[in-house]
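Structure, as structure tokens:
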Amino acid sequence: MRVLQGVMFALAMICTLLVPVLGSFELVGQSIKDALAEYTLTDIMNNNQFAGIEFGEAEDGFPAFRFLQTADVKSPYRMLLPEKLYEFAILITFRQSSLKGGYLFSVVNPLDTVVQLGVHLSPVVKNSYNVSLVYTQADQNTGRKLASFGVAHAPDKWNSIALQVLSDKVSFYYDCELRNTTLVTREPIELVFDSASTLYIGQAGSIIGGKFEGYLEKINTPTLRVAALNEPSTGDLQGIRGADFACYRQGRRAGLLGTFKAFLSSRVQNLDTIVRPADRDLPVVNTRGDVLFNSWKGIFNGQGGFFSQAPRIYSFSGKNVMTDSTWPMKMVWHGSLPNGERSMDTYCDAWHSGDHLKGSFASNLDGHKLLEQKRQSCDSKLIILCVEALSQDRKRKKREIGDGSSHGESESREFKTADEYAAHLENLLL
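As numbered in mature numbering (1 follows the signal peptide of the UniProt record, and there is no 0), residues -23 to -1, 1 to 407 make up the sequence shown, in order.
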């Protein structure tokens, strides 16, 4: 599946999200393999198993990892990264302690001889250096620099860089400002990693070397997750608050600590506004990390929320709604027009009615569309979807900056009623 269509906008929005927290590194890819659908690659360093890593602070006070010359941080790539990439963006913020440059990260083939994907800093010469994107198919004998960009060296400065990789060009951002775009020929057009490849952070392995000396803070991947409630339902969901609360409770029971809302229009919300504006360019994934849509906005492009392949949607309990008999009708309630606007007369009395004589718009997933306008009677038992209203990364930053509470304290908070959760959503999504 081709990911991040319109990634120019996604990149700009992600840069906006990164402003409050320096020292982050993000890789937005094609398929994700984690129930959380959001990776923090520096988790592999949190248990102190790697020598040559010191813990410090970024300039804004957030924790950072200092890579010494003796650091050797690595992991099987499949534990942390997608299987393949088509269109994607890489964002990194770092501070150099040495003029020697090195790899900020790399994915290296099983023989440790070829960098399949990586970002390399050249040595500093005359107060400047090059940032290069290395991009090579696994069966090649040597690594290939797909694009390089010059940067002025500023001692002891945190540097935020971003590389936007499309089918025929690579754009380079510095401190979230577009600096340069170069045309490229990508061979292959889709990068597929060898299953035994290794992810290195701050180097490219013992043979290639290229050790980076300096600071990185964290590495993560923001996405928006979609899951179905564990059973089908009529149009009587006790209102939109009742539906949102059901998403919250089942998500918590499944161990998913996201901010979930029902994928339903109502009197107070259009379907396209469920997700916070700053997150609407992020990929939409299922609970197993498979990308369903390139972005939230892409669902509402007038094509009916078309799935490019058979929908793979799982309930909070892990069942595939398309194959499990729990959902005999493969239809999703939504109550919306194709552009995401609420349809005033077709959402089961604001999701309070299970009356056969009343109806709402639903979509038949067998037709590979999420926003088809098929009127169904409100006593029909259909699929209820839940979507993350804002990314885990965005939620974490809002807590850290806004209320001063720790991530763990906020995640452990329990809401007992639908009204409590509605108040929480209203505050969080402001």
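Positions of the beta carbon are idealized from the N, C-alpha and C atoms, including for glycine.
### Task
Could you check the C-alpha separation between residue 102 and residue 149 for me, to the nearest Å?
Looking at the two C-alpha atoms, the distance is approximately 20 Å.
### Query
Whole alpha helix (DSSP H) runs in the region 315 to 380 with 4 or more residues, listed along the chain?
With a minimum length of 4 residues, the continuous alpha helix (DSSP H) runs that stay inside the region 315 to 380 are 325 to 328 and 369 to 379.
### Query
Is any heavy atom of the ligand MG found at a distance shorter than 8 Å from the C-beta of residue 348?
Ligands displayed in this structure: none; no statement on the ligand MG is therefore possible.
### Query
Since residue 171 and residue 87 are thought to touch, with beta carbons under 8 Å apart, how far apart are those beta carbons, to the nearest angstrom?
Confirmed, about 6 Å.
### Task
Please specify which runs of the alpha helix (DSSP H), each continuous and at least 4 residues long, are wholly inside the region 119 to 164, giving them in chain order.
DSSP assignment within the region 119 to 164 yields no whole alpha helix (DSSP H) run of 4 residues or more.
### alpha helix (DSSP H) runs contained entirely in the region 259 to 285, provided each spans 4 or more residues
Counting only runs of 4 or more, we get nothing.
#### Entry: Boundaries (first-last residue) of the beta strand (DSSP E) holding residue 72
First-last of the beta strand (DSSP E) with residue 72: 65 to 73.
### residue 34, DSSP secondary structure in three states
Secondary structure at residue 34: strand, using DSSP grouped into helix, strand and coil.
### Message
If contact is defined by three or more beta carbon pairs under 8 Å, each pair taking one atom from either stretch, is the region 63 to 83 in contact with the region 100 to 114?
### Response
Judged by Cβ distances under 8 Å, the region 100 to 114 makes contact with the region 63 to 83, as three or more pairs qualify.
### Query
Is residue 403 buried or exposed, if buried means 16 or more other CB atoms sit within 10 Å of its CB?
That one is exposed.
#### Entry: Simplified DSSP assignment, three categories, for residue 239
Residue 239 falls in the strand class under three-state DSSP.
### Query
Given that a residue counts as buried once 16 or more other Cβ atoms are within 10 Å of its Cβ, and exposed if not, what is residue 308?
Residue 308 is buried by the Cβ-count criterion.
### Query
Are residue 244 and residue 352 close, meaning C-beta to C-beta below 9 Å?
Result no, Cβ atoms of residue 244 and residue 352 do not sit closer than 9 Å.
#### Entry: Alpha carbon of residue 296 to alpha carbon of residue 208, nearest angstrom
Cα to Cα, residue 296 sits roughly 10 Å from residue 208.
#### Entry: Residue environment, residue 109, which counts as buried when at least 16 other CB atoms sit within 10 Å
Residue 109 comes out buried.
### Task
Kindly list the residues whose CB is nearer than 7 Å to the CB of residue 365, restricted to its own chain and excluding five residues on each side of it in sequence; keep chain order.
Correct list, in chain order: 201, 202, 235, 236 and 237.
### Query
For residue 152, which residues from the same chain have a beta carbon less than 6 Å from its beta carbon, with the 5 sequence-adjacent residues on both sides left out?
In its chain, beyond the 5 residues on either side, 137 have a beta carbon closer than 6 Å to the beta carbon of residue 152.
### Task
Count the other C-beta atoms from every protein chain shown that fall within 10 angstroms of the C-beta of residue 67, then say buried if there are 16 or more, exposed otherwise.
Label assigned to residue 67: buried.
### Message
Please report the straight-line C-alpha distance between residue 291 and residue 128, rounded to a whole angstrom.
### Response
Residue 291 and residue 128 have their C-alpha atoms some 45 Å from each other.
### Query
Where residue 219 and residue 52 are concerned, what is the direct C-alpha to C-alpha distance, given to the nearest angstrom?
Computed Cα separation, rounded: 43 Å.
### Query
For residue 93, does the three-state DSSP call read helix, strand or coil?
Shown here, residue 93 sits in a strand according to DSSP, grouped into three states.
### Candidates 242, 275 and 263: closest to residue 323 by CA position
Put simply, of 242, 275 and 263 the residue whose alpha carbon is nearest the alpha carbon of residue 323 is 242.
#### Entry: Pair within 9 Å by beta-carbon distance, residue 93 and residue 112
Yes. Within cutoff.
### Task
With a 10 Å radius around its C-beta and 16 neighbouring C-beta atoms as the bar for buried, classify residue 338 as buried or exposed.
Buried, by the Cβ-count rule.
### Task
Determine whether the Cβ of residue 215 lies closer than 9 Å to any Cβ atom of chain C.
Of the protein chains in this structure there is only one, and it is not chain C.
#### Entry: With 16 other Cβ atoms within 10 Å as the buried cut-off, status of residue 394
Residue 394 is exposed by the Cβ-count criterion.
### Query
Cβ of residue 304 within 9 Å of Cβ of residue 325?
Annotated as distal: residue 304 and residue 325, with beta-carbon spacing of 9 Å or more.
### Message
What does the Cβ neighbour count give for residue 300, buried or exposed, with the cut at 16 atoms within 10 Å?
### Response
Counting Cβ neighbours within 10 Å, residue 300 comes out exposed, since fewer than 16 surround it.
#### Entry: Paired residues, beta bridge with residue 175 - DSSP
Residue pairing of residue 175 in beta bridges, as defined by DSSP: 53 and 85.
### Query
Using CA coordinates, which residue listed in 54, 223 and 273 is at the minimum distance from residue 316?
Closest option to residue 316, Cα to Cα, is 273.
### Query
Between the C-alpha atoms of residue 233 and residue 226, what's the straight-line distance to the nearest angstrom?
Distance from the CA of residue 233 to the CA of residue 226, rounded to the nearest whole angstrom, comes to 10 Å.
### Task
Grab me the residues of residue 133's own chain with a C-beta within less than 8 Å of its C-beta, minus the 5 sequence neighbours each way, in chain order.
Correct list, in chain order: 72.
### Query
Relative to the alpha-carbon of residue 266, which residue among 204, 176, 314 and 277 has its alpha-carbon at the smallest distance?
It is 204.
### Task
Would you check if the distance between the CB atom of residue 179 and the CB atom of residue 82 is smaller than 9 Å?
It is a contact, given that the beta carbons lie within the stated cut-off.
### Query
For residue 204, which residues does DSSP report across the bridge?
The beta-bridge partner set that DSSP reports for residue 204 consists of 363.
### Query
Using DSSP with H/G/I as helix, E/B as strand and the rest coil, what is residue 249?
Correct three-state label for residue 249: helix.
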